[in-house]
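Numbering (our numbering), first residue to last: 4 to 149. Below you'll find the structure, written out as structure tokens, and then a few comments.
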Amino acid sequence: MKKLFFVRSGSTCRMLRILAAAMLLLPVNLQPVRASRQDAGGKSSLTVKMKDATLSSVFAEVERTSRYAFIYTDDVRPLLDRRVSVSVRSATIDELLSAVLKGTELTGRVRENQVIISKAPARKNAAVAPPSRLRIPVGKSSCRGR
Numbered sequence: 004m005k006k007l008f009f010v011r012s013g014s015t016c017r018m019l020r021i022l023a024a025a026m027l028l029l030p031v032n033l034q035p036v037r038a039s040r041q042d043a044g045g046k047s048s049l050t051v052k053m054k055d056a057t058l059s060s061v062f063a064e065v066e067r068t069s070r071y072a073f074i075y076t077d078d079v080r081p082l083l084d085r086r087v088s089v090s091v092r093s094a095t096i097d098e099l100l101s102a103v104l105k106g107t108e109l110t111g112r113v114r115e116n117q118v119i120i121s122k123a124p125a126r127k128n129a130a131v132a133p134p135s136r137l138r139i140p141v142g143k144s145s146c147r148g149r
């Protein structure tokens with residue numbers, strides 16, 4: 004009569020036990036990992052205290068201590084050399100931006116974890132003058148019809 008099963012040696016048996024244990028632990032390791040963010044929903048509290056610092060150094064400090072990244076174009080870069088003093092404690096990113104960008108021609112928008120710094124739209128200071136009356140030269144015209 005033929006044997007249908009393989010004869011197991013000691014090392015093969017040990018390897019099968021390790022494989023069985025790995026198969027049992029695999030579903031445990033595939034469970035989704037959930038982490039709660041302390042600053043979920045943009046409600047993170049920022050504390051920044053800097054005196055006579057440039058805007059770019061203030062933004063760099065916020066990037067270093069929070070999850071926010073600042074984005075700006077090359078035309079905004081020269082305006083970031085402006086010196087400001089800021090002292091905020093447990094403030095949101097919107098409160099920090101309004102304190103830092105007050106009195107500048109810059110504005111900040113927050114989208115998820117990115118802060119977009121751009122030039123503020125130009126305001127119309129003077130009332131718009133009514134358009135001058137246009138004089139259209141009227142030549143001799145004739146209209147003939149049936």
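Glycine is no exception: its CB is placed at the ideal position from the N, C-alpha and C atoms. For clarity, every value in this text was computed on a predicted model and none was experimentally measured.
Item                                                                                                                                                                         : Value
Is there contact here, the stretch 85-104 with the stretch 56-76, by at least three beta-carbon pairs under 8 Å?                                                             : yes
Report the three-state DSSP secondary structure of A125 (helix, strand or coil).                                                                                             : coil
Count the other C-beta atoms from every protein chain shown that fall within 10 angstroms of the C-beta of I120, then say buried if there are 16 or more, exposed otherwise. : buried
Can you give me the C-alpha to C-alpha distance between L99 and T68, rounded to a whole angstrom?                                                                            : 13 Å
Among A94, I21, F73, which residue has its Cα nearest to the Cα of V51?                                                                                                      : A94
If you drop the 5 nearest sequence neighbours on each side, which residues of the same chain put their C-beta closer than 6 Å to that of S48?                                : S93
On the DSSP bridge assignment, give the partners of F73 in chain order.                                                                                                      : V118
Can you tell me whether R85 is helix, strand or coil according to DSSP?                                                                                                      : coil
Return the chain-ordered list of same chain residues with a C-beta closer than 6 Å to the C-beta of L22, the five sequence neighbours on each side being excluded.           : none
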